[in-house]
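Here it is, written out as structure tokens:
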């Protein structure tokens, strides 16, 4: 039968019902959600031996069919994890929290809608228990998972009585990370920071040929999800030493963003340190730029720092110019443009005119174009959900208002689609 925890869209199994019974919410002048329509596409567990009595609501924005939130909810009021809550191993967006509040109000106050969802749940459960039901044709491509049930997995990981034991499990799971291990680690929050920080800064793990080599990689995303500033010293150490740079170059800016304004001083120490790893400095500078976009009170002081560091590089004698200076300079100029500092346009002109730094002249137009992008537009382009690192790829579903996997938009900080291994903004976007 189908694996425990496998969630399938109701519309994949009962298309005609779904067309008539999918709830669509319309918002008007909402401060966060705007004037939009959002479809609540319900999904259910298809394990015939499971009676979890849960629904997963996939929130799809009608305008562009974008999956903007995934909300988990249990019908039984005594369920210890009733919710509603954001299921962080499934797609989320900057709108998720506002949508959670909206859907939570509906689940609490619309008995007819809740009854409809429970009826859908019963239809699914009765169908999957009947071996002759036509629903099995729609489910033939549903992937099989491991033999352990969700409850058993939860028991395994919550039974790790100490945080040290839980952290040690991360050295053994490799790439196949159970959702329950992620959930339990994030649930413990800040108390896991010292253990995750130790994984992140363990050079032996980074260089290992065992499954343990994935532990520091996973720690990057777990620390970003936990968002505890006490992780800053570990992250500073990793950036300064250049540990795991293939991963930190791609994800370090969002890691910096997750720690908030209180991390600026410690991180600036890396950005301005010529003895620190060059790529680590680039990643920190990019992250500090995101902090400036997200926190208005930081912008003026960060602009001064970015300008000062850029000038110190431009003023270097020829003999002191280093290979990574042009990448650091490029990041500083990007930040100044993204923060819309008009006084820096002359600095940008000077940098691109200085042939020592090999800045691509074509990229100057792109940098100047950042002056026309809103702060939130730039942030939404660059900001990522850390727990998507642990989420498996999903196939498109043939259902009303489906979760459509369009060709993904390549953000400036995403790997370049040309396959060079560089960030898009450092490669073809600048061409």
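In the numbering used here, the protein residues as written are 348 to 778. From the three backbone atoms N, C-alpha and C, an ideal C-beta is built for every residue, glycine too.
- Annotation for residue 384: the continuous beta strand (DSSP E) segment containing it runs 381-392.
- Note that the stretch 465-475 touches the stretch 385-399; at least 3 beta-carbon pairs, one per stretch, sit closer than 8 angstroms.
- Assigned with DSSP and collapsed to three states, residue 416 falls in strand.
- If one requires a minimum length of 4 residues, the alpha helix (DSSP H) runs lying completely within the stretch 693-717 are 708-716, in chain order.
- In the structure shown, the three-state DSSP call for residue 373 is strand.
- Under the DSSP assignment, residue 405 falls in the beta strand (DSSP E) whose first and last residues are 401-408.
- Between residue 737 and residue 436, the gap from beta carbon to beta carbon is short of 8 angstroms.
- With a threshold of 16 other beta carbon atoms within 10 Å, residue 630 meets it and is buried.
- The closest CA to that of residue 725, considering only 581, 695, 638, is found on 638.
- The DSSP-derived three-state label of residue 433 is strand.
- Per DSSP, the continuous alpha helix (DSSP H) segment holding residue 529 begins and ends at 526-535.
- Here DSSP, grouped into helix, strand and coil, assigns residue 356 to strand.
- Per DSSP, the unbroken alpha helix (DSSP H) holding residue 628 starts and ends at 625-641.
- Counting C-beta atoms within 10 angstroms of its own C-beta, residue 532 has 16 or more neighbours from the protein chains shown and is therefore classed as buried.
- Of all alpha-carbon atoms in 439, 473, 614, the one lying nearest the alpha-carbon of residue 579 is that of 614.
- Scanning its chain for C-beta atoms nearer than 6 angstroms, with the 5 sequence neighbours on each side dropped, one finds around residue 514 the residues 542, in chain order.
- With respect to the 8 angstroms criterion, residue 676 and residue 698 are classified as neighbours on the basis of their beta carbons.
- Residue pairing for residue 421: DSSP places it in a beta bridge opposite 401.
- Looking from the CA of residue 402, the closest CA among 393, 719, 655 belongs to 393.
- Rounded to the nearest angstrom, the Cβ distance from residue 404 to residue 450 is 6 angstroms, consistent with a contact under 8 angstroms.
- For the pair of segments examined, the stretch 578-596 was found not to touch the stretch 702-717: the number of CB pairs separated by less than 8 angstroms stays below three.
- Here residue 560 has 552, 553, 554 as same chain residues with Cβ atoms under 8 angstroms from its own Cβ, once five neighbours each way along the sequence are excluded.
- Of 571, 440, 536, 625, the smallest CA-CA separation from residue 599 is found for 571.
- The alpha-carbon separation between residue 645 and residue 728 amounts to approximately 20 angstroms.
- For residue 520, there is no enclosing alpha helix (DSSP H), as DSSP gives it neither H nor E.
- For residue 579, the three-state secondary structure derived from DSSP is helix.
- In this structure, 441 is the residue among 723, 647, 476, 441 with its C-alpha nearest to the C-alpha of residue 408.
- A contact is defined here as three or more CB-CB pairs under 8 angstroms, and the stretch 420-439 fails this definition with respect to the stretch 363-373.
- Taking the C-beta atoms as reference points, residue 445 is found no nearer than 8 angstroms to residue 360.
- Under the three-state reduction of DSSP output, residue 476 falls in the helix class.
- Residue 414 counts as buried, since no fewer than 16 other beta carbons sit within 10 angstroms of its beta carbon.
- Nearest to residue 718 by C-alpha distance, out of 380, 660, 688, 512, is 688.
- With contacts defined as CB atoms closer than 8 angstroms, residue 521 and residue 558 qualify as a contacting pair.
- As the crow flies, the alpha-carbon of residue 523 is around 11 angstroms from that of residue 529.
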